[in-house]
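Encoded as structure tokens, the structure appears first; notes follow it.
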Amino acid sequence: MGSAWSALLLRLAVVGLLAALTGAWFGAGAGWATASLALLLLLALHTHQLWRLQRWLKRPDSQSVPDAWGAWGDVFFEIYRLLRQEAKARERILADLEVFSQAAEASPDGLVILDADDHILWCNRVAEQQLGLRGERDIGLLVTNLIRLPRLAELIARSSEGQSLQYRPPDRKGTVYSIEAIRFGKDRKLLIGFDVTQSERVETLRRDFVANVSHELRTPLTVIAGFIEHIVTEPEPDPEDTRDQLGIMSEQVSRMLRLVDDLLTLSRLESETQALREDEFDVRDLVYEIAADGRSLSAGRHSITCEVQPALLKGSRDELHSAFSNLLSNAVRYTPDGGRIVLYWEVKDGKGVFSVEDSGIGIAEEHLPRLTERFYRVDRGRSRESGGTGLGLSIVKHVLLRHQAGLEIDSVPGAGSTFRAIFPSWRVTPPQA
Ligand code: ADP
Numbered sequence: 510m511g512s513a514w515s516a517l518l519l520r521l522a523v524v525g526l527l528a529a530l531t532g533a534w535f536g537a538g539a540g541w542a543t544a545s546l547a548l549l550l551l552l553a554l555h556t557h558q559l560w561r562l563q564r565w566l567k568r569p570d571s572q573s574v575p576d577a578w579g580a581w582g583d584v585f586f587e588i589y590r591l592l593r594q595e596a597k598a599r600e601r602i603l604a605d606l607e608v609f610s611q612a613a614e615a616s617p618d619g620l621v622i623l624d625a626d627d628h629i630l631w632c633n634r635v636a637e638q639q640l641g642l643r644g645e646r647d648i649g650l651l652v653t654n655l656i657r658l659p660r661l662a663e664l665i666a667r668s669s670e671g672q673s674l675q676y677r678p679p680d681r682k683g684t685v686y687s688i689e690a691i692r693f694g695k696d697r698k699l700l701i702g703f704d705v706t707q708s709e710r711v712e713t714l715r716r717d718f719v720a721n722v723s724h725e726l727r728t729p730l731t732v733i734a735g736f737i738e739h740i741v742t743e744p745e746p747d748p749e750d751t752r753d754q755l756g757i758m759s760e761q762v763s764r765m766l767r768l769v770d771d772l773l774t775l776s777r778l779e780s781e782t783q784a785l786r787e788d789e790f791d792v793r794d795l796v797y798e799i800a801a802d803g804r805s806l807s808a809g810r811h812s813i814t815c816e817v818q819p820a821l822l823k824g825s826r827d828e829l830h831s832a833f834s835n836l837l838s839n840a841v842r843y844t845p846d847g848g849r850i851v852l853y854w855e856v857k858d859g860k861g862v863f864s865v866e867d868s869g870i871g872i873a874e875e876h877l878p879r880l881t882e883r884f885y886r887v888d889r890g891r892s893r894e895s896g897g898t899g900l901g902l903s904i905v906k907h908v909l910l911r912h913q914a915g916l917e918i919d920s921v922p923g924a925g926s927t928f929r930a931i932f933p934s935w936r937v938t939p940p941q942a
């Protein structure tokens with residue numbers, strides 16, 4: 510500012526000197542006239558600079574700062590410097606904001622920011638999807654009017670208490686979100702929506718599984734308990750009856766043992782910590798072994814034959830023995846006496862295919878997708894009667910999954926079924942030409 514004053518004083522001094530000289534030469538009137546003219550000229554020049562500054566400020570372009578003389582040059586430069594500083598600061602803030610909004614968009618959880626009165630300030634795309642919001646349309650609206658959830662207002666009001674609500678969107682069956690509210694900043698709230706569909710499903714499966722196992726064990730235990738009570742309370746039990754009862758009890762115990770064995774096998778297969786054994790073996794030998802076991806289970810009631818190629822398979826022989834046996838034992842159990850069962854092992858389009866074909870009771874189409882679920886049976890009575898645990902095909906599915914193999918089922922009720930295990934070509938060494 511000092512330089513502006515000195516420039517002004519200098520100019521006034523020049524004007525004064527000029528006026529004094531003119532006055533001395535041409536008289537006082539001429540001196541005053543010169544002073545007035547010079548001052549008018551100065552005023553006009555300053556007004557012009559002011560106008561240029563005004564014009565430039567309307568569109569301040571850092572690339573074209575107007576030239577200015579004297580103190581105006583400093584003024585233009587100072588304003589230009591401040592504008593540059595502000596532009597840089599704005600760029601930095603915008604860049605930071607962009608990073609934060611990208612991070613919030615990348616979040617796998619739904620995020621909704623609310624103001625003090627629960628109006629939506631912002632939400633990410635996941636929240637739009639989860640809660641049926643639409644960012645542009647719903648900004649500024651009351652969240653409790655948009656999400657129809659009975660206890661949402663209460664949850665938001667108690668947002669510091671770490672509670673959560675479950676939201677099941679009416680248009681997406683089976684999907685469940687857990688919504689939490691967190692207070693932050695000056696009376697702002699953050700709603701977070703977590704997708705808990707998977708964990709809910711796992712929890713339901715676990716509950717059903719425990720209920721099923723308890724039920725499966727309860728039935729034989731009730732039979733055994735009944736007989737024991739009868740034997741204990743009967744003063745003189747008939748030895749013949751007692752032998753029959755012990756026979757039934759032994760059957761029930763075997764049934765429980767089979768169930769426990771299958772449960773252990775399933776749990777071993779499901780725990781992924783166990784690496785798969787990669788034996789390379791001739792499947793023909795395995796098929797012949799299984800066929801021999803099947804014949805003893807059938808006790809001559811069925812014809813069991815094998816049609817096999819000399820192809821090798823890479824995988825766990827023990828696990829595949831268990832899976833293939835389950836398929837054959839099902840064929841024996843669900844094929845009426847006199848029926849025909851054929852075991853195949855062949856290479857088709859490079860893939861290894863093991864199949865069990867029976868002429869049994871068959872399965873209606875609507876049951877096929879659910880057959881490998883644990884404890885799923887088409888006919889509960891028939892399964893139990895024939896010693897089934899309801900876990901055989903679950904075991905088969907898990908073993909095949911561990912071998913990257915698929916299971917195909919073709920069946921016609923009353924005519925028979927074919928269960929096919931299809932192994933990827935890299936597990937199979939086809940017979941040499
Ligand atoms: P289960 O111990 O009851 O046989 P599985 O898991 O092995 O249990 O099989 C599930 C259900 O699939 C069986 O209860 C039966 O209804 C049906 N099933 C399996 N294999 C056959 C088959 N070869 N023929 C007809 N039904 C079958």
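Residue numbers for the sequence shown, in the working numbering: 510 to 942. Yeah, the Cβ is synthetic: ideal placement off N, Cα and C, and Gly gets one too. For clarity, every value in this text was computed on a predicted model and none was experimentally measured.
Inter-residue spacing [alpha-carbon to alpha-carbon] between residue i and residue j
{"i": "Arg786", "j": "Leu910", "result": "14 Å"}
{"i": "Val1016", "j": "Ile665", "result": "This structure cannot speak to residue 1016, because the chain is shown only from 510 to 942."}
{"i": "Glu663", "j": "Ala690", "result": "10 Å"}
{"i": "Arg681", "j": "Arg727", "result": "37 Å"}
{"i": "Val792", "j": "Pro819", "result": "7 Å"}
{"i": "Ala612", "j": "Gln639", "result": "18 Å"}
{"i": "Glu645", "j": "Gln563", "result": "38 Å"}
{"i": "Leu527", "j": "Ser515", "result": "18 Å"}
{"i": "Arg657", "j": "Glu670", "result": "21 Å"}
{"i": "Ser807", "j": "Arg849", "result": "11 Å"}
{"i": "Arg710", "j": "Ser838", "result": "31 Å"}
{"i": "Ala720", "j": "Thr898", "result": "14 Å"}
{"i": "Thr751", "j": "Ile757", "result": "10 Å"}
{"i": "Pro878", "j": "Ile918", "result": "9 Å"}
{"i": "Gln672", "j": "Glu760", "result": "52 Å"}
{"i": "Val796", "j": "Gly847", "result": "21 Å"}
{"i": "Phe609", "j": "Leu559", "result": "42 Å"}
{"i": "Val732", "j": "Ser723", "result": "14 Å"}
CB of residue i within 7 Å of CB of residue j, strictly
{"i": "Gly859", "j": "Phe932", "result": "no"}
{"i": "Thr927", "j": "Glu866", "result": "yes"}
{"i": "Glu828", "j": "Leu768", "result": "no"}
{"i": "Tyr843", "j": "Ile870", "result": "yes"}
{"i": "Ile740", "j": "Asn835", "result": "no"}
{"i": "Leu661", "j": "Asp771", "result": "no"}
{"i": "Lys698", "j": "Ser668", "result": "yes"}
{"i": "Val524", "j": "Ala542", "result": "no"}
{"i": "Val685", "j": "Arg692", "result": "no"}
{"i": "Val856", "j": "Val937", "result": "yes"}
{"i": "Leu620", "j": "Val652", "result": "no"}
{"i": "Leu778", "j": "His907", "result": "yes"}
{"i": "Gly809", "j": "Ser868", "result": "no"}
{"i": "Ala598", "j": "Ala513", "result": "no"}
Endpoints, the beta strand (DSSP E) within which residue i is located
{"i": "Ile688", "result": "Tyr686 to Phe693"}
{"i": "Phe790", "result": "Asp788 to Asp791"}
{"i": "Tyr676", "result": "Ser673 to Tyr676"}
{"i": "Val711", "result": "No beta strand (DSSP E) contains Val711, which is instead part of the alpha helix (DSSP H) from Thr706 to Thr742."}
{"i": "Leu822", "result": "Leu821 to Gly824"}
Identified DSSP bridge partners for residue i
{"i": "Val865", "result": "Leu852 and Phe928"}
{"i": "Ser934", "result": "DSSP lists no partner for Ser934."}
{"i": "His628", "result": "Leu651"}
{"i": "Lys698", "result": "Leu623 and Arg692"}
{"i": "Ser920", "result": "Ser926"}
{"i": "Ser834", "result": "Ser834 pairs with nothing; no bridge assigned."}
{"i": "Lys857", "result": "Lys860"}
{"i": "Ile813", "result": "Ile850"}
{"i": "Gly896", "result": "According to DSSP, Gly896 bridges with nothing at all."}
{"i": "Gly915", "result": "Ile931"}
{"i": "Phe535", "result": "Answer is none; Phe535 lacks a bridge partner."}
{"i": "Phe703", "result": "Ser687"}
Best match in the options for proximity to residue i [C-alpha to C-alpha]
{"i": "Leu630", "options": "Leu642, Gly649 and Asp747", "result": "Gly649"}
{"i": "Thr706", "options": "Gln675, Asn654, Asp750 and Phe736", "result": "Gln675"}
{"i": "Asp788", "options": "Thr814, Arg826 and Ile757", "result": "Arg826"}
{"i": "Phe718", "options": "Gly579, Ala914 and Tyr885", "result": "Tyr885"}
{"i": "Asn633", "options": "Leu591, Phe535, Asp647 and Ala873", "result": "Asp647"}
{"i": "His811", "options": "His557, Val851 and Leu517", "result": "Val851"}
{"i": "Val887", "options": "Ser920, Phe863, Gly915 and Ser864", "result": "Ser920"}
{"i": "Arg570", "options": "Cys815, Ala596 and Ala580", "result": "Position check: residue 570 holds Asp in this sequence, whereas Arg was assumed. Here the closest residue by C-alpha is Ala596."}
{"i": "Phe703", "options": "Leu566, Pro617 and Gln754", "result": "Pro617"}
Unbroken alpha helix (DSSP H) run spanning residue i, endpoints
{"i": "Glu779", "result": "Pro748 to Glu779"}
{"i": "Ser903", "result": "Gly901 to Arg911"}
{"i": "Ser610", "result": "Ala580 to Ala615"}
{"i": "Ile872", "result": "First-last for Ile872: undefined, no H or E at that position."}
{"i": "Ile665", "result": "Leu661 to Ala666"}
Cβ-heavy atom distance, residue i to the ligand SAH, below 6 Å
{"i": "Val887", "result": "The ligand SAH is not among the ligands present in this structure, which contains only the ligand ADP."}
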